[in-house]
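So the sequences go chain by chain: A and B.
Note that the working numbering gives residue 55 to position 42 of the first sequence, counting from 1, and the numbers run on in steps of one.
Note that the working numbering gives residue 24 to position 20 of the second sequence, counting from 1, and the numbers run on in steps of one.
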Amino acid sequence: QKEVEQNSGPLSVPEGAIASLNCTYSDRGSQSFFWYRQYSGKSPELIMFIYSNGDKEDGRFTAQLNKASQYVSLLIRDSQPSDSATYLCASEASKIIFGSGTRLSIRP
Amino acid sequence: DAGITQSPRHKVTETGTPVTLRCHQTENHRYMYWYRQDPGHGLRLIHYSYGVKDTDKGEVSDGYSVSRSKTEDFLLTLESATSSQTSVYFCAISPPDSNEQFFGPGTRLTVL
């Protein structure tokens, strides 16, 4: 069974700090990796995707991929209360596999 | 939103009854997906479709069937609902030449 593992949290971060979310995957054939944000009672929305080793930045978000370690992370700089949500990591080989999500709480 | 609607948005039904959930898209995308989301399990793929009348199973397909007679509609049917199928169901679509998925608003199904 191919898996994507995330710490369920909650992860509590003070406003303005950097939030670091981590994810590991088991399928070495995975080529694409995604981060989705899901507010309570809402549907997931894609915020970042990454295909290559290294960092990819988009505004306050940075996705990091290390295929040798089978590790993906998401950094959120200058965390805001509106960033409080559950963050889902996903990897794709032949199909997309989602992790169960990390709940992030930004405290004022 | 990516032009995806789901109906109904909420449904309560009894064990043993058939249930059909509808996903409708206005984007004309080939790929459509049905997921269920349960606490502690994240999103799990039930079935997906890569075109009209072309469907395949996901990781949790037992007890579910799907149909796609038109590009814009993807139906998920629970032939005989069980309490273990109480969940939130999400439909998703994927643009051509892209691995990104865009999700509908979800259907909360309760089987008593």
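C-beta atoms are modelled at their ideal positions from N, C-alpha and C, and glycine is treated no differently.
Residue i: first and last residue of the uninterrupted beta strand (DSSP E) it sits in
i	result
B:Arg72	Tyr68 to Lys74
B:Ala85	No beta strand (DSSP E) holds B:Ala85; DSSP gives it neither H nor E.
B:Val115	Thr111 to Val115
A:Thr86	The question names Thr, but residue 86 of chain A in the sequence shown is Ser. Residues Tyr84 to Ile89.
Contacts around residue i, its chain only, beta-carbon distance under 6 Å, and the 5 residues preceding and following it disregarded
i	result
A:Val26	Ala32, Ser92 and Ile119
B:Pro100	none
A:Asn20	Thr115
B:Lys15	Leu113
B:Thr17	Val23, Ala85 and Val115
Beta-bridge pairing of residue i - partner residues as DSSP gives them
i	result
B:Gly55	B:Asp58
A:Gly67	A:Leu78
B:Arg26	B:Ser11 and B:Leu79
B:Gln41	B:Leu47 and B:Val92
A:Ser104	A:Phe46 and A:Ile110
A:Arg120	A:Pro27
Chain-ordered chain B contacts of residue i [CB-CB under 9 Å]
i	result
A:Glu3	Past the edges of chain A, shown from 14 to 121, lies residue 3 of chain A, and the structure says nothing about it.
Closer than 7 Å: residue i CB and nearest the ligand GTP heavy atom
i	result
B:Leu79	Among the components of this structure there are no ligands whatsoever, and the ligand GTP is therefore not found.
Interface partners of residue i on chain B, CB under 8 Å
i	result
A:Ser12	The structure shown has nothing for residue 12 of chain A, since chain A only spans 14 to 121.
Residues that residue i contacts on chain A, provided the C-beta gap is smaller than 9 Å
i	result
B:Leu49	Lys108, Ile109, Ile110 and Phe111
Nonlocal neighbours in the same chain, by C-beta distance under 7 Å from residue i, ignoring five residues either side
i	result
A:Pro121	Glu28 and Pro94
B:Ser91	Arg40, Gln41, Asp42 and Leu113
Contact set for residue i: own chain, Cβ-Cβ below 8 Å, skip 5 residues either direction
i	result
B:Val56	Arg72, Ser73, Lys74 and Thr75
Start-end ranges of the beta strand (DSSP E) lying completely within the region 20 to 65 of chain A, minimum 3 residues: 24 to 27, 32 to 38, 45 to 51 and 58 to 63
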